[in-house]
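Report on the structure given below.
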Amino acid sequence: MTGQFSMLSFMDQADDIRMVFCTCPTEDVALAIAASLVEEHLAACVNIVNGVRSVYRWNNKTEVESECQLIIKTTNQRLKALEQAVTDKHPYELPELVVVPISDGSTAYLDWIRKNT
Numbered sequence: 001m002t003g004q005f006s007m008l009s010f011m012d013q014a015d016d017i018r019m020v021f022c023t024c025p026t027e028d029v030a031l032a033i034a035a036s037l038v039e040e041h042l043a044a045c046v047n048i049v050n051g052v053r054s055v056y057r058w059n060n061k062t063e064v065e066s067e068c069q070l071i072i073k074t075t076n077q078r079l080k081a082l083e084q085a086v087t088d089k090h091p092y093e094l095p096e097l098v099v100v101p102i103s104d105g106s107t108a109y110l111d112w113i114r115k116n117t
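Set out below in structure tokens:
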């Protein structure tokens, strides 16, 4: 994203903006989910971070897997639809969906998220 800012402006009210974290087994799966979320206006932006190593318990066994991490920017209003879309498209039996509220940020960027979801 490009923009021309001489100075960043921050606001105290970002209670409607969320970041959602979701791991995917491959870059192809991550890209397909990310593109779908943006295309359907469920997310303004999705970052794909390759090379994530996950260590977790599943079925009483410790697993170690290479995954991709999605960092999804959206609004609170779009969360239910986003969760449904990820669940429908994700190959995991139990996809990671962790939602983090955003407390502050660049006013212009937060407005851009609102406009694009």
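First residue of the sequence shown? That's 1 in our numbering, and the numbers climb one at a time after it. Using N, Cα and C, we set each Cβ at its ideal position, and we do this for glycine too.
Under the three-state reduction of DSSP, Ser36 is assigned to helix.
Spatial neighbours of Glu27 in its own chain (CB-CB distance under 8 Å, excluding positions within 5 residues in sequence) are listed in chain order as Ile48, Asn50 and Cys68. When the five nearest sequence neighbours on each side are left out, no beta carbon in the same chain lies closer than 6 Å to the beta carbon of Ala35.
Leaving aside the five residues that flank Glu96 on each side, the residues in its chain whose CB is nearer than 8 Å to its CB run, in chain order, Phe21, Cys22 and Thr23. Annotation: Leu70 is outside any alpha helix (DSSP H); the continuous beta strand (DSSP E) that includes it extends over Lys61 to Thr75.
Here Val55 is exposed. Its C-beta has fewer than 16 other C-beta atoms within 10 Å. In the same chain as Thr62, and ignoring 5 residues on each side of it, the C-beta atoms closer than 8 Å to its own belong to Val55 and Tyr56, in chain order.
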